[in-house]
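J.: Structure incoming, see below.
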Amino acid sequence: MDIIWPKNQMKQENAWKFVTLNRLKLERDNLSSIGIKT
Numbered sequence: 001m002d003i004i005w006p007k008n009q010m011k012q013e014n015a016w017k018f019v020t021l022n023r024l025k026l027e028r029d030n031l032s033s034i035g036i037k038t
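The numbering of the sequence shown is the working numbering, which starts it at 1 and goes up by one.
So, in structure tokens, the structure goes:
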């Protein structure tokens, strides 16, 4: 159990970072596409 917990914690943090980066990228893409439209 002691070994599994840190691994799960790391997985959660990596998943959170991945989601956050994807969200930022999507927002940037949306902003650039809006900028192109106007």
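Virtual Cβ for every residue (Gly too), placed ideally from N, Cα, C.
So, for Met10: in the same chain, excluding its five sequence neighbours on each side, which residues have a beta-carbon less than 8 Å away from its beta-carbon?
T.: Within the sequence shown, numbered from 1, the residue matching residue 10 stands at position 10. Scanning its chain for C-beta atoms nearer than 8 Å, with the 5 sequence neighbours on each side dropped, one finds no residue around Met10.
J.: Measuring straight from C-alpha to C-alpha, what distance separates Phe18 and Leu31?
T.: Sequence index remark: in the sequence shown, residue 18 carries index 18 (1-based). Sequence index remark: in the sequence shown, residue 31 carries index 31 (1-based). For Phe18 and Leu31, the gap between their C-alpha atoms comes out near 20 Å.
J.: How many Å lie between Lys7 and Thr20 at the Cα?
T.: Sequence index remark: in the sequence shown, residue 7 carries index 7 (1-based). Sequence index remark: in the sequence shown, residue 20 carries index 20 (1-based). When rounded, the distance between both Cα atoms is 20 Å.
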